[in-house]
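>
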Amino acid sequence: MASGIMDKVAILSMGCSRFGERWDIGQEELMREAYAEALTRAGIEASAIGAAWYSSHYDDIGAGKSGVPMAMALGLPDIGVTRVENFCAGGTEAFRGAVFAVASGSVDIALAMGVEKLKDTGFAGLPTATRGTLAPMYLPTHTNPGNFAQLARAYEAVHGIARQDLKRAMAHTSMKSHANAVRNDKAHLRKPITIEQALQAPLVADPLGLFDCCPVSDGAACALVTTPEIARALGQAEPVLVKAVQIVASTGWEAQQQGWNGAYVHTTRQAAKAAYAEAGIADPRQISLTELHDCFSITELVTLEDLGLAEPGTGWRAMLDGRFDADGAQPCQIDGGLKCFGHPVGASGLRMLYEGWLQLTGQAGARQLGAPHSALTHNLGGAPAQNVCSVTILGL
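Listed below in structure tokens is the structure:
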């Protein structure tokens with residue numbers, strides 16, 4: 001039986017560009033911005049890197065669908081660079097490739113990079129039917145806000161939640177992320193909002209309002225991973241260890257069978273179950289902090305339940321009670337999340353890991369939580385009925 005990768009790989013360092021509307025620079029410069037931070041923090045030369053993985057969902061530059069744009073932009077040594085794509089979980093997919101390479105003994109140090117330059121393309125969160133790898137999901141009659149509005153409607157109906165209660169819980173979710181992002185100088189949106197502002201915002205897809213939706217952003221994030229022994233030899237007394245990396249893709253069951261009620265995300269539950277088993281976690285409520293794929297506020301609420309951080313139908317109440325606030329029992333989106341840090345598709349998974357790594361190493365600055373011992377990240381790429389989900393767990 002496979003033993004998994006628990007404690008076989010350490011994060012040597014990470015880097016992240018500033019997210020936002022980066023009209024002044026291109027995709028190559030975004031990668032260099034993140035890479036320079038990671039390389040400096042690691043204290044190694046580029047020649048030490050043995051392999052690299054590169055995620056970019058809408059990369060049409062240079063050599064297109066290959067690893068060449070990253071190799072050229074970063075001036076990497078003559079190593080293999082693998083380009084991966086897995087919807088919004090692409091950044092985590094790149095991380096998984098790098099982690100597996102180190103765990104297998106193929107290389108001592110590997111690089112994972114995720115980047116996206118969306119603003120210049122006019123991308124507004126509603127991809128056309130001809131882009132990406134699964135056109136039927138994005139027919140003209142389907143939109144991302146519409147798909148997740150249906151998740152909200154189903155959640156409300158299945159659990160008997162009053163519309164005003166769900167709207168207030170979603171508003172609190174967004175308010176929390178905005179408040180957290182104020183302390184993050186790399187975040188796209190850094191202005192606080194009130195619950196009332198969120199409640200009164202124009203509707204995008206009922207019941208989702210303007211402040212329930214994350215922005216489209218430019219940005220890059222990366223990780224350098226190695227063995228725990230090498231990390232310690234390079235001066236890290238207590239390196240951040242990879243406890244689990246799990247990715248699950250929809251099989252079509254949700255959309256084709258009668259067993260799914262539309263009020264949860266099946267792949268998240270399956271990925272979480274596998275990740276907890278791999279990491280040896282019996283009670284996920286013991287995890288110090290979480291970074292979830294809050295493309296919409298309802299996604300965060302439902303994901304908290306799918307991960308076992310709240311019982312089904314109770315996540316909205318736990319949110320209102322402040323359990324997931326910065327000063328709550330289990331902080332969520334302490335860097336602002338997709339909602340405010342931003343969502344450059346190929347980079348988001350690594351951006352979440354960047355925050356977990358900063359927190360676990362005590363380098364998060366004004367938003368440092370104290371002395372957390374573990375962090376969980378979650379990506380959801382696609383629609384609730386058809387998606388790719390990843391769950392990654394880090395720890396000391």
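Residue numbers (full-length UniProt numbering): 1 to 396. The beta-carbon is built from N, C-alpha and C at its ideal position, and this holds for glycine as well.
Give me whichever residues DSSP pairs with residue 220 in a beta bridge.
115
> Would you say residue 379 and residue 293 are within 7 Å of each other, going by their C-beta atoms?
In contact: residue 379 and residue 293 (Cβ atoms closer than 7 Å).
> To the nearest angstrom, report how far apart residue 204 and residue 150 are at their CA atoms.
12 Å
> In whole angstroms, what separates the C-alpha of residue 34 from that of residue 298?
30 Å
> Helix, strand or coil, according to DSSP, for residue 385 in the structure here?
coil
> So residue 279 and residue 243 are supposed to be a Cβ contact under 8 Å. How far apart are they, rounded?
4 Å
> Taking one C-beta from the segment 18–26 and one from the segment 182–190 each time, how about it: are there three or more such pairs within less than 8 Å?
yes
> State buried or exposed for residue 164, treating a residue as buried only when at least 16 other CB atoms are found within 10 Å of its CB.
exposed
> Thinking C-alpha only, which one of 54, 27, 48, 26 is nearest residue 222?
54
> By the 10 Å Cβ neighbour count, where 16 or more other Cβ atoms means buried, how is residue 373 classified, buried or exposed?
exposed
> Buried or exposed for residue 333, please, with buried defined as at least 16 other CB atoms from any protein chain shown within 10 angstroms of its CB.
buried
> Name the two residues that bound the continuous alpha helix (DSSP H) containing residue 230.
228–233
> Specify the secondary structure class of residue 253 as computed by DSSP and reduced to three states.
Assignment of residue 253 by DSSP, reduced to helix, strand and coil, places it in the helix class.
> Just to confirm my understanding: we take residue 228, look at its own chain, exclude 5 residues before and 5 after, and list those with CB closer than 8 Å. What are they?
7, 8, 9, 10, 239, 241
> Shortest alpha-carbon distance to residue 15 belongs to which of 29, 4, 41?
41
> Which one of 351, 148, 366, 176 has the shortest CA to CA distance from residue 30?
351
> Count the C-beta pairs between the segment 82–101 and the segment 198–213 that are closer than 8 Å, then say yes if the count reaches three, no if not.
no
> Just to confirm, is the Cβ distance from residue 346 to residue 26 under 7 Å?
no
> Which term fits residue 384, buried or exposed, when burial requires 16 or more other beta carbons within 10 angstroms of its beta carbon?
buried
> Tell me whether residue 273, by its Cβ, gets closer than 6 Å to a heavy atom of the ligand HEM.
Among the components modelled here there is no ligand, and therefore nothing to report on the ligand HEM.
> Taking only runs that begin and end inside the segment 18–86, name each unbroken beta strand (DSSP E) of 3 or more residues, in chain order.
Correct list: 51–55, 80–84.
> Which residues mark the beginning and the end of the beta strand (DSSP E) in which residue 290 is found?
Residue 290: member of the beta strand (DSSP E) spanning 289–291, first to last residue.
> In three-state DSSP terms, what is residue 16?
strand
> Near residue 290, which residues of its chain fall below 6 Å by C-beta distance, leaving aside the five closest residues on each side in sequence?
332, 376
> Who are the Cβ neighbours of residue 108 in its own chain at under 8 Å, not counting the five residues just before and after it?
Around residue 108, the same chain offers 48, 50, 102, 226, 227, 230 as residues with beta carbons nearer than 8 Å, after the five sequence neighbours per side are excluded.
> Does residue 3 come out as helix, strand or coil in the three-state DSSP assignment?
coil
> Go through its chain and collect everything with a Cβ distance to residue 161's Cβ below 8 Å, but skip five positions before and after it.
155, 313, 316
> Per DSSP, what are the beta-bridge partners of residue 379 in this structure?
390
> Please report the residue range of the alpha helix (DSSP H) in which residue 99 lies.
90–103
> If the criterion is Cβ atoms closer than 7 Å, does the pair residue 92 and residue 349 meet it?
yes
> Taking DSSP's pairing of strands, which residues face residue 272 in a bridge?
For residue 272, which the question treats as bridged, DSSP gives no partner whatsoever.
> Would you mind stating whether residue 13 and residue 38 have Cβ atoms separated by less than 7 Å?
Cβ atoms of residue 13 and residue 38: closer than 7 Å.
> Work out the CA separation of residue 252 and residue 337 for me, nearest whole Å.
Answer to the nearest angstrom: the Cα atoms are 28 Å apart.
> Taking DSSP as the reference, what is the three-state secondary structure of residue 343?
strand
> Which of the three DSSP states is assigned to residue 324 in this structure?
coil
> Since residue 391 and residue 263 are thought to touch, with beta carbons under 8 Å apart, how far apart are those beta carbons, to the nearest angstrom?
Not confirmed; about 19 Å, so no contact.
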